[in-house]
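Peer 1: Chains as they are written, first to last, in our numbering: chain A, 1316 to 1466; chain B, 1316 to 1466; chain C, 11 to 89; chain D, 11 to 89. All residues carry an ideal CB built from backbone N, CA and C; glycine is no exception. As the structure is a prediction and not an experimental result, all values here were calculated from the model.
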């Protein structure tokens, strides 16, 4: 299986701050690092647990292909993507995306672009375990609209 | 002097990752945290040192006033702004901005909005110490254009 | 033997996630799965379900070599 | 006594950043500073230079109480 060192899928909780520290370190020509952390919401006490399924080797390859396109499109110096899989408790990080560029407009836009795609089109299958049982969920209309901004 | 706990001006180097960790901790209803780190660039070996001057009590109050407007405009749950002052070496962080919101569009836009203002209109005076001597610098045309997007 | 993988609601519906099936083509594989579980057979051909052969999306027919991995992917939800 | 603060290029030009000056009004303060350093006096009235009295921007004239802080702010560069 190909390894994509800028992309990780992990079944363990991760610490976004530690990832940001590593990502920012030792950069002399990068003026701008934008990052995003998606957190699992408690949805007002509904004690929902999110479960994310990926297809290892397929999901990470699809993310890598999209991220490399984004790197070229926005002239990024670098990027880092970490995505949780498995069962995720409220308050835990689901996704971390960081982008490094010379200037802030490119860093922001690339981070936004990557997140829109990850939230709407990346090959994950998402289930909510709520008080009324389990349900598989699909991208929201807002997710689709966000992603279509870049087409 | 009024204290603004969400805003810090510091003459010491700071660690953006540690700030992000603290900012993300203990959030049950925040789905989205966007953040930005501005780093001092080496400008291709020109060994430029950046020096930023603030007016304590005035600069932080101006930032707080603007940030509170942004919080209302984008329905933010929270924000955190840390800005270096004094002499800043290449690779060091100049500014950290984090925004927390229910969903990612608001978090991204608010972070972008705050950065555009901080980079173009915040009360700082900026000097570059380069190989050809010192010079005071003003916002770039790009900075002004970025900031005007929100007017 | 093809290694068959089901994801998302397809795995829940079938009650399994991975199974080895002897089939020389995708069409033959679909027929065998539908014969064992008609509801699953229908779901595998349902709207938005994609097929990946050895981790590459395939549209239409495909022959299956030995040790081929065939994954049935329901509509992706994003992360 | 007003506490006078200069920022950015104004401090570099004057060779000082902070000074106490006895003046009852902003106009009187400007006159005293200009008498001591005519180039600085001109720079303080130059385009884009704002004045803050006790950390609030003042446009035009102001009387100065004892222990007032007067800051001359050249065009801000952003951070």
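Run through DSSP, which three-state label would residue 65 of chain D get?
Peer 2: Three-state result, residue 65 of chain D: coil.
Peer 1: Considering only DSSP beta bridges, list what residue 1368 of chain B is partnered with.
Peer 2: B:1440.
Peer 1: Are there 16 or more other CB atoms within 10 angstroms of the CB of residue 1337 of chain B, so buried, or fewer, so exposed?
Peer 2: Exposed, because fewer than 16 other Cβ atoms sit within 10 Å of the Cβ of residue 1337 of chain B.
Peer 1: Comparing the C-beta of residue 1405 of chain A with each C-beta of chain C, is any distance below 8 angstroms?
Peer 2: No, its Cβ sits nowhere closer than 8 angstroms to a Cβ of chain C.
Peer 1: Using a Cβ-Cβ distance under 8 angstroms, would residue 40 of chain D count as near chain B?
Peer 2: No, residue 40 of chain D lies away from the interface with chain B (no Cβ there is under 8 angstroms from its Cβ).
Peer 1: For the candidate residues D:56, D:41, D:30, whose alpha-carbon lies nearest to that of residue 13 of chain D?
Peer 2: Of D:56, D:41, D:30, the residue nearest in Cα terms is D:30.
Peer 1: For the segment 1326-1338 of chain B, which residues have a CB atom closer than 9 angstroms to at least one CB atom of chain A, in sequence order?
Peer 2: Here the close residues are 1330, 1331, 1332, 1333, 1334, 1335, 1336, 1337, 1338.
Peer 1: Counting Cβ pairs closer than 8 angstroms, one from the segment 60-80 of chain C and one from the segment 1369-1387 of chain A, do we hit at least three?
Peer 2: Yes: at least three Cβ pairs fall under 8 angstroms.
Peer 1: Measuring only between beta-carbons, confirm whether residue 87 of chain C sits less than 8 angstroms from chain A.
Peer 2: At least one chain A Cβ lies under 8 angstroms of residue 87 of chain C.
Peer 1: Counting only beta-carbon atoms, is residue 1350 of chain B nearer than 8 angstroms to chain A?
Peer 2: For residue 1350 of chain B, the answer is yes, since a Cβ of chain A falls inside 8 angstroms of its Cβ.
Peer 1: Residue 1443 of chain A and residue 1452 of chain A - do their beta-carbons sit closer together than 8 angstroms?
Peer 2: Yes, the pair counts as a contact, with Cβ atoms nearer than the cut-off.
Peer 1: For residue 51 of chain D, does the three-state DSSP call read helix, strand or coil?
Peer 2: Note: residue 51 of chain D maps to helix in three-state DSSP.
Peer 1: CA-CA distance, residue 1379 of chain A and residue 83 of chain C?
Peer 2: Residue 1379 of chain A and residue 83 of chain C: Cα-Cα distance of roughly 19 angstroms.
Peer 1: Residue range of the beta strand (DSSP E) that residue 1450 of chain B falls in?
Peer 2: First-last of the beta strand (DSSP E) with residue 1450 of chain B: 1448-1452.
Peer 1: Using 8 angstroms as the Cβ pair cut-off and three pairs as the minimum, do the segment 1336-1351 of chain B and the segment 1344-1363 of chain A touch?
Peer 2: Taking 8 angstroms as the limit for Cβ pairs, the verdict is that the segment 1344-1363 of chain A does touch the segment 1336-1351 of chain B.
Peer 1: Which chain B residues sit within Cβ distance under 8 angstroms of residue 1341 of chain A?
Peer 2: The answer, in chain order, is 1406.
Peer 1: Grouping DSSP H, G and I as helix and E and B as strand, with all else coil, what is residue 45 of chain D?
Peer 2: In this structure, residue 45 of chain D counts as helix in the three-state DSSP scheme.
Peer 1: Would residue 1416 of chain A pass as an interface residue toward chain B - the criterion being a Cβ-Cβ separation below 8 angstroms?
Peer 2: It does not: the Cβ of residue 1416 of chain A has no partner Cβ on chain B nearer than 8 angstroms.
Peer 1: List the endpoints of the continuous beta strand (DSSP E) containing residue 82 of chain D.
Peer 2: Here the beta strand (DSSP E) through residue 82 of chain D covers 79-83.
Peer 1: Comparing alpha-carbon positions, which option in D:66, D:33, D:18, D:77 lies nearest residue 50 of chain D?
Peer 2: Cα-wise, what sits closest to residue 50 of chain D is D:18.
Peer 1: In the DSSP assignment, what are the bridge partners of residue 60 of chain C?
Peer 2: For residue 60 of chain C, which the question treats as bridged, DSSP gives the partners C:83.
Peer 1: Can you tell me whether residue 1329 of chain A is helix, strand or coil according to DSSP?
Peer 2: Three-state DSSP puts residue 1329 of chain A in coil, outside helix and strand.
Peer 1: Does residue 1354 of chain A have its Cβ less than 8 angstroms from a Cβ in chain B?
Peer 2: Answer yes: the Cβ-Cβ gap between residue 1354 of chain A and chain B drops below 8 angstroms somewhere.
Peer 1: Let's see if you can read the secondary structure: which residues bound the alpha helix (DSSP H) around residue 10 of chain D?
Peer 2: The shown model of chain D, from 11 to 89, leaves out residue 10 of chain D, and the question about it has no answer.
Peer 1: Nearest chain D C-beta to residue 1433 of chain B closer than 8 angstroms, yes or no?
Peer 2: Yes - at least one Cβ of chain D is within 8 angstroms of the one on residue 1433 of chain B.
Peer 1: Which whole runs of the beta strand (DSSP E) in the segment 1332-1418 of chain A are 3 residues long or more, in chain order?
Peer 2: Taking only runs of at least 3 residues, the beta strand (DSSP E) segments lying wholly in the segment 1332-1418 of chain A are 1347-1354, 1364-1369, 1393-1399, 1401-1403, 1408-1416.
Peer 1: Using the C-alpha atoms, what's the distance from residue 72 of chain D back to residue 1417 of chain A?
Peer 2: The alpha-carbon atoms of residue 1417 of chain A and residue 72 of chain D are separated by roughly 45 angstroms.
Peer 1: For residue 11 of chain D, count neighbouring C-beta atoms within 10 Å of its own C-beta (all shown protein chains included) and say buried if the count is 16 or more, exposed if not.
Peer 2: By the neighbour-count rule (16 or more Cβ atoms within 10 Å), residue 11 of chain D is not buried but exposed.
Peer 1: If you measure between the beta carbons of residue 1403 of chain B and residue 1429 of chain B, is that distance less than 8 angstroms?
Peer 2: Their beta carbons are not under 8 angstroms apart, which means residue 1403 of chain B does not touch residue 1429 of chain B by this criterion.
Peer 1: Within the same chain, show all residues whose beta-carbon is closer than 7 angstroms to that of residue 1439 of chain B, passing over the 5 residues directly before and after it, in chain order.
Peer 2: Counting only Cβ-Cβ distances below 7 angstroms, and skipping sequence neighbours, we find 1367, 1368, 1369, 1374.
Peer 1: So, for residue 1342 of chain A: in the same chain, excluding its five sequence neighbours on each side, which residues have a beta-carbon less than 6 angstroms away from its beta-carbon?
Peer 2: Cβ neighbours of residue 1342 of chain A beyond the five flanking positions: none.
Peer 1: Check whether the segment 1420-1428 of chain A and the segment 1377-1394 of chain A are in contact - that is, three or more C-beta pairs closer than 8 angstroms.
Peer 2: Yes: the two stretches touch, three or more of their Cβ pairs being nearer than 8 angstroms.
Peer 1: Please name the residue or residues paired with residue 15 of chain D in a DSSP beta bridge.
Peer 2: Looking at the DSSP assignment, residue 15 of chain D forms a beta bridge with D:28, D:81.
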